[in-house]
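Chains as they are written, first to last, in our numbering: chain A, 1 to 178; chain B, 1 to 178; chain C, 1 to 178; chain D, 1 to 178.
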């Protein structure tokens, strides 16, 4: 890419990109509620009174970020194109079998996690390994569907939303003391 | 690290971390104005009416981020401790001569650049290579001072502030059209 | 992805992945010789007797790495699919106009640069900004071709190959002294 | 850093850097055997006949990499200097309490994991979360010792060594079929 020149025509749709992102996730079987549930499970022990509504709001805010939207569009396009057989070999096979040496799914996920700093990294890895909640469901559908990117992207959004809550919990404590 | 437990005592100072960050940069010879000047030079061609005030505000906002503050504290501590000879070999020599195979300075810088997504990466690399403005000054002082982290950190803050402006310029165009 | 289980059938083609990678690059107008030329230009001042043959060998070695192959396959597939209009909006438009806020091309490039550590980061950013040699050619073809990923990937391979030479130059000096 | 100029005097010690790295880890209570044990536990299900000797060799090879050595030297220096109270506030407190919003330890760890590509990311996060083996021991010593960087670095070395085994297992299968 090149840093943006002014171009009004191209940017008219920016406002709606977030809603398109949410639609793409739903089309692949994942709702914001599903992701918020993951956030609640990993973050509840650190923020005792955390509610599902706060988690949902945090997921919503993560999806405001262009870097996150871009990763979702790119990863889910690759999953879908692979499912339809519209990608050339050898990449097609790697995506279809979620090849163990194909790590671009983690690379995209990392670009999501990094949005709130590196503190989300551990939660991302954990979610991706234990296949909690919706991540397990998505993973179980592999074989008939191609979800090579989807599971990592969902884990990354949850980890970023948890990191955002951690940052805000700390900031609020500081304000209460000030 | 471990995601934060509630601990009021430890967080009282959070509010002031940004100002301490600015002080640390000044102590090593870099003002926000210096960094804003870099932002203006690299971003002016993309955002024609950009002012130094807007650049300064963007740098200021970048410094609100804990990840950025942490990278500044860690990098400048290492520079200073190396200058005072308080670090053990072989690390001391690597830091003092800005060893060509020591890349942890770039690693910390990247954690700053990533805050506004990967679009700042190119500007970071460019600034770091051509040693524009204050980066050149800081670099020239190497030898008598240890600035192994400082030059990369300054380039990274400028690149992140430029990326933030790029994101906002695009968002505003979208709103004007809506 | 999931770390690899043993699966003989799926791995028979691994040996040839490097040659497929080279073919894909050539199909998009980039030869190893073009990339080696970039390496020579950026690295000659640090390693005075460096030859184009050594640069070519270093590029060749970079392409042995699965992470690099994966990034090439993924990025060039996206460029080609966008060129053919086979990608859904809004991603299609972002790829076609090399959108300023689309940073996934840099994200993939970074996964290549990181293979030899972070010391290649500065060279990557510089190459990507000044559009040296083949990168400029590839960039000029934007408009009729979609090269959103190609230019960043070429810059990243050159930066990684330069970092590899830097590591080896240092190692050899150490051996000569031992 | 700046890419390396030829400088014989500075590089004489390069050969021994790996052994210094091993010493530093041991001084902080971690042996290569401890790390190899982690590798065996996470990788055994994917590579059924894996032995502790192979894991040990893989850890040893990871420690050949300068990027890994640099991360170890930098992280363990910061742990030790914080333990001795030789770091200025507010960084000192962050390191001593392993502050939840301090993520530079993960940033350094990531630079280790990336050496064998992104496939190690999930294992890193998992190890760091469940505190397996020596990581749990190191973590339990927090309070009297400062191990803010040590636990992440150990998890990262184990994850990288596991990724290296995954890459090699796949390569060998391919050769057997050729």
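Idealized CB from N, CA, C, for every residue including glycine.
Going by DSSP, residue 112 of chain A is part of the alpha helix (DSSP H) stretching over 104-113. For residue 128 of chain A, the enclosing alpha helix (DSSP H) stretches over residues 121-130. Between the stretch 90-104 of chain B and the stretch 88-101 of chain A, the count of C-beta pairs closer than 8 angstroms stays below three; the two stretches do not touch.
Identification of chain B residues near residue 117 of chain C by a Cβ-Cβ cut-off of 7 angstroms yields 103, ordered along the chain. The Cβ atoms of residue 58 of chain B and residue 164 of chain B sit closer than 8 angstroms to each other.
Not a single C-beta of chain A is nearer than 8 angstroms to the C-beta of residue 28 of chain C. Inclusion of residue 83 of chain C and residue 154 of chain C in the CB contact set at 8 angstroms is not warranted, their separation being larger than that value.
The continuous alpha helix (DSSP H) containing residue 77 of chain C extends over residues 66-83. With its beta carbon less than 8 angstroms from one in chain C, residue 124 of chain B belongs to the interface.
Counting other Cβ atoms within 10 Å of its Cβ, residue 64 of chain B stays below 16 and is therefore classed as exposed.
Residue 27 of chain D carries a helical assignment under DSSP once its states are collapsed to helix, strand and coil.
When CB distances to chain B are screened at a threshold of 8 angstroms, the residues of the stretch 160-174 of chain C falling below it are 166, 167 and 170, in chain order. Fewer than three beta-carbon pairs drawn from the stretch 19-26 of chain A and the stretch 135-145 of chain A are found closer than 8 angstroms, and the two stretches are therefore not classed as touching.
For a Cβ distance threshold of 8 angstroms, nothing in chain C lies close to residue 131 of chain B: the least Cβ distance comes to about 10 angstroms. Counted as a single uninterrupted DSSP element, the stretch harbouring residue 51 of chain C is not any alpha helix (DSSP H), since DSSP gives it neither H nor E. Non-local C-beta neighbours of residue 52 of chain B in its own chain, meaning closer than 6 angstroms and more than five positions away in sequence, comprise 36 and 40, ordered along the chain.
Taking a C-beta cut-off of 8 angstroms against chain B, the contacting residues of the stretch 128-158 of chain C are 128, 129 and 130, listed in chain order. Counting only residues of its own chain and dropping the five nearest sequence neighbours on each side, residue 131 of chain D has a CB closer than 6 angstroms to the CB of 139. Around the CB of residue 143 of chain D, fewer than 16 other CB atoms lie within 10 Å, so the residue is classed as exposed. Around residue 23 of chain B, no beta-carbon contact reaches into chain D at under 7 angstroms, the shortest distance being about 11 angstroms. Counting only residues of its own chain and dropping the five nearest sequence neighbours on each side, residue 160 of chain A has a CB closer than 6 angstroms to the CB of 62, 112, 113, 115, 116 and 120. Here residue 44 of chain B is exposed: its Cβ has fewer than 16 other Cβ atoms, across all protein chains shown, within 10 Å. Residue 67 of chain D belongs to the set of residues whose beta carbon lies under 8 angstroms from a beta carbon in chain C.
Residue 89 of chain C sits in coil when the DSSP states are folded into three classes, being neither helix nor strand.
If you compare the alpha carbons of C/17, C/30 and C/16 with that of residue 151 of chain C, the shortest gap goes to C/30. Separation of residue 60 of chain A and residue 74 of chain D (C-alpha to C-alpha, rounded to the nearest whole angstrom) is 37 angstroms. Residue 125 of chain A is positioned such that its CB atom lies closer than 8 angstroms to that of residue 128 of chain D. Residue contact check for residue 111 of chain D against chain C: a CB pair falls below 8 angstroms.
Residues of the stretch 37-66 of chain A with a C-beta atom less than 7 angstroms from some C-beta of chain D do not occur. Burial is judged here by how many other beta carbons sit within 10 angstroms of a residue's own beta carbon; residue 26 of chain A has fewer than 16 and is exposed. Each residue's CA atom was taken as its position, placing residue 109 of chain A and residue 71 of chain A some 7 angstroms apart. Between the alpha carbons of residue 28 of chain A and residue 95 of chain A lies a distance of about 16 angstroms. The shortest C-alpha to C-alpha distance from residue 162 of chain B to any of B/17, B/68 and B/46 is the one to B/46.
In the three-state reduction of the DSSP assignment, residue 18 of chain B falls in the helix class, which pools H, G and I. Distance from the CA of residue 106 of chain D to the CA of residue 50 of chain B, rounded to the nearest whole angstrom, comes to 36 angstroms. DSSP places residue 136 of chain B inside the alpha helix (DSSP H), whose first and last residues are 133-140.
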